[in-house]
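I have placed the structure first, in the form of structure tokens, so that the comments after it can refer back to it.
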Amino acid sequence: MSQVFEPYSLAGTTLANRIVMAPMTRSRAEAESRTPTELTALYYGQRASAGLIVTEGTQPSATGQGYPATPGIHTDGQVAAWRRVTEEVHAKGGVIFLQLMHTGRIGHPSLTGLTPVAPSAVKAAGQVFTGEGPQDFVEPRALTGEEIEGTIADFAGAARRAIEAGFDGVEIHGANGYLVHQFLAPGSNLRTDAWGGGPEGRIRFAVEVAKAVAGAIGPERVGFRISPGNPFNDIAETDPADLEATYTALVGALAPLGLAYLHQMEAPGVRDLLLRLRKQWPGTFVLNPFTDGAPTGPESLKLVEDGTADLLAFGALFLANPDLPARLRAGGPFNTPDVASFYGGDAHGYTDYPALDA
């Protein structure tokens, strides 16, 4: 049997297999309270056969929200609602981490009533979907030094609330052009103080967030996601030398913290850097491999067999196949993801994908 389907010890927590459900925004939280619903509990419970579930990005504060109907973890009501989700997953033998996602400049005042914040007042190119339809990104407000410290505290507080809600741990979202990634990238971080400048300054926010979260709930309960070279949300990391210097410095600073895992979402053309970071990282390495937009199944499993990764994360394929580990073991067949129902809506395209035994 492939070692992909064997149990794995993640910082002392036993996973049933090495297959991870990647974090995916679904925009189905209750719109006003930003709480997950009973349908959310069903959705994650259906996928509890994953070795590890990482939830959709969840804002650690009101200002961290960037899309309609995304859930938060900064109120008592949100904690109570998430507890229904974790109880459902645990009842089915699953392990679930909450992803903490502050979107930074990716957002709009119509969503929160607040001006988005960022390391620098650099507007992202493009549009964001709002309740009034697509709207251009706005120029964010640069965080003050005091506000940076407050945002770090927000992450730590959100992590504590996640554990209160029953999660097995949290994942810090440092990828895909959101706030942590905005600090890492030279195009969005133009600061000349201790939070910017060269790679050592630009990684500081990410490292301090990781330290604060690990201090709040224990490093064995903390994962960290990166996506070097990913241009999503108008991130520019186009200088190969700077890219390597930034991420080797980041991984070098995170490594001594004893985190549960490092999770890399692979961008095109960075496999060499990925392999260097994998070698540099002393603990569990989770890979969400680049597939050029085409969901892949059994062919990706070799990345565990050849040592490229310890755990493999699947996104759209897991969205459409609630029993993905069983399907991977059988070599298929696989349901086709319905792109039109990815964001917002009801049970259609959310909890109505059939399992093999159906």
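Just so you know, this note's numbering puts 216 at position 216 of the sequence shown, and the rest follows in order with no gaps.
Glycine included, every Cβ here is placed at the ideal spot set by N, Cα and C.
Could you name the residues of the same chain whose beta carbon sits closer than 7 Å to that of residue i, not counting the 5 residues immediately before and after it, in chain order?
{"i": "residue 46", "result": "322 and 351"}
{"i": "residue 136", "result": "127"}
{"i": "residue 92", "result": "45 and 48"}
{"i": "residue 249", "result": "199, 200 and 203"}
{"i": "residue 348", "result": "341"}
{"i": "residue 253", "result": "203 and 207"}
{"i": "residue 353", "result": "320, 321, 322 and 335"}
{"i": "residue 337", "result": "295, 316, 319 and 320"}
{"i": "residue 27", "result": "67, 68, 69, 70, 343 and 344"}
{"i": "residue 83", "result": "165 and 166"}
What is the DSSP secondary structure of residue i, counted as helix, strand or coil?
{"i": "residue 115", "result": "coil"}
{"i": "residue 301", "result": "helix"}
{"i": "residue 132", "result": "coil"}
{"i": "residue 98", "result": "strand"}
{"i": "residue 287", "result": "strand"}
{"i": "residue 329", "result": "helix"}
{"i": "residue 341", "result": "helix"}
{"i": "residue 324", "result": "helix"}
{"i": "residue 72", "result": "strand"}
{"i": "residue 25", "result": "coil"}
{"i": "residue 151", "result": "helix"}
{"i": "residue 351", "result": "coil"}
Return the CA-CA distance between residue i and residue j, expressed in angstroms with no decimal places.
{"i": "residue 305", "j": "residue 255", "result": "24 Å"}
{"i": "residue 81", "j": "residue 142", "result": "33 Å"}
{"i": "residue 211", "j": "residue 341", "result": "37 Å"}
{"i": "residue 52", "j": "residue 61", "result": "25 Å"}
{"i": "residue 231", "j": "residue 238", "result": "9 Å"}
{"i": "residue 260", "j": "residue 281", "result": "11 Å"}
{"i": "residue 335", "j": "residue 224", "result": "29 Å"}
{"i": "residue 57", "j": "residue 171", "result": "9 Å"}
{"i": "residue 276", "j": "residue 191", "result": "28 Å"}
{"i": "residue 2", "j": "residue 78", "result": "39 Å"}
{"i": "residue 19", "j": "residue 245", "result": "30 Å"}
{"i": "residue 88", "j": "residue 13", "result": "18 Å"}
{"i": "residue 6", "j": "residue 17", "result": "5 Å"}
{"i": "residue 147", "j": "residue 316", "result": "35 Å"}
{"i": "residue 222", "j": "residue 54", "result": "11 Å"}
{"i": "residue 72", "j": "residue 267", "result": "27 Å"}
{"i": "residue 270", "j": "residue 119", "result": "25 Å"}
{"i": "residue 42", "j": "residue 36", "result": "11 Å"}
{"i": "residue 314", "j": "residue 308", "result": "15 Å"}
{"i": "residue 116", "j": "residue 125", "result": "14 Å"}
{"i": "residue 163", "j": "residue 179", "result": "23 Å"}
{"i": "residue 25", "j": "residue 50", "result": "18 Å"}
{"i": "residue 38", "j": "residue 85", "result": "8 Å"}
Tell me the residue span of the beta strand (DSSP E) that contains residue i.
{"i": "residue 263", "result": "261-265"}
{"i": "residue 307", "result": "Note, residue 307: premise wrong, no beta strand (DSSP E); not H, not E."}
{"i": "residue 89", "result": "Note, residue 89: premise wrong, no beta strand (DSSP E); alpha helix (DSSP H) at 76-91."}
{"i": "residue 173", "result": "169-174"}
{"i": "residue 46", "result": "It is not in any beta strand (DSSP E) - residue 46 instead sits in the alpha helix (DSSP H) that spans 38-46."}
{"i": "residue 54", "result": "52-58"}
{"i": "residue 10", "result": "8-10"}
{"i": "residue 15", "result": "13-15"}
Which same chain residues, not among the five before or five after residue i, have their C-beta less than 8 Å away from its C-beta?
{"i": "residue 216", "result": "156, 157, 159 and 160"}
{"i": "residue 130", "result": "68, 108, 110 and 111"}
{"i": "residue 132", "result": "110"}
{"i": "residue 154", "result": "60, 61, 64, 74 and 102"}
The alpha helix (DSSP H) with residue i in it runs from where to where?
{"i": "residue 247", "result": "240-254"}
{"i": "residue 165", "result": "Run containing residue 165: none; DSSP gives neither H nor E here."}
{"i": "residue 205", "result": "204-217"}
{"i": "residue 315", "result": "Where residue 315 is concerned, there is no enclosing alpha helix (DSSP H), given that its DSSP letter is neither H nor E."}
{"i": "residue 224", "result": "Segment 222-226 is the beta strand (DSSP E) holding residue 224; no alpha helix (DSSP H) there."}
{"i": "residue 20", "result": "Counting along the chain, residue 20 falls outside any alpha helix (DSSP H), though it belongs to the beta strand (DSSP E) covering 19-21."}
{"i": "residue 257", "result": "That residue, residue 257, is in no alpha helix (DSSP H); it is neither H nor E in DSSP."}
{"i": "residue 184", "result": "179-184"}
Using the rule of at least 16 other Cβ atoms within 10 Å of the residue's Cβ for burial, across every protein chain shown, is residue i buried or exposed?
{"i": "residue 105", "result": "buried"}
{"i": "residue 64", "result": "buried"}
{"i": "residue 15", "result": "buried"}
{"i": "residue 310", "result": "buried"}
{"i": "residue 174", "result": "buried"}
{"i": "residue 301", "result": "buried"}
{"i": "residue 327", "result": "buried"}
{"i": "residue 356", "result": "exposed"}
{"i": "residue 169", "result": "buried"}
{"i": "residue 9", "result": "exposed"}
{"i": "residue 274", "result": "buried"}
{"i": "residue 144", "result": "exposed"}
{"i": "residue 331", "result": "exposed"}
For residue i, which residues from the same chain have a beta carbon less than 6 Å from its beta carbon, with the 5 sequence-adjacent residues on both sides left out?
{"i": "residue 114", "result": "63"}
{"i": "residue 258", "result": "219"}
{"i": "residue 188", "result": "122 and 182"}
{"i": "residue 288", "result": "22, 265 and 313"}
{"i": "residue 285", "result": "262, 278, 309 and 310"}
Using only the heavy atoms of the ligand ADP, determine whether one of them is closer than 7 Å to the beta carbon of residue i.
{"i": "residue 70", "result": "Ligands displayed in this structure: none; no statement on the ligand ADP is therefore possible."}
With a threshold of 8 Å between beta-carbons, can residue i be considered close to chain D, or not?
{"i": "residue 271", "result": "Reference to chain D is not applicable here, since this structure consists of a single protein chain."}
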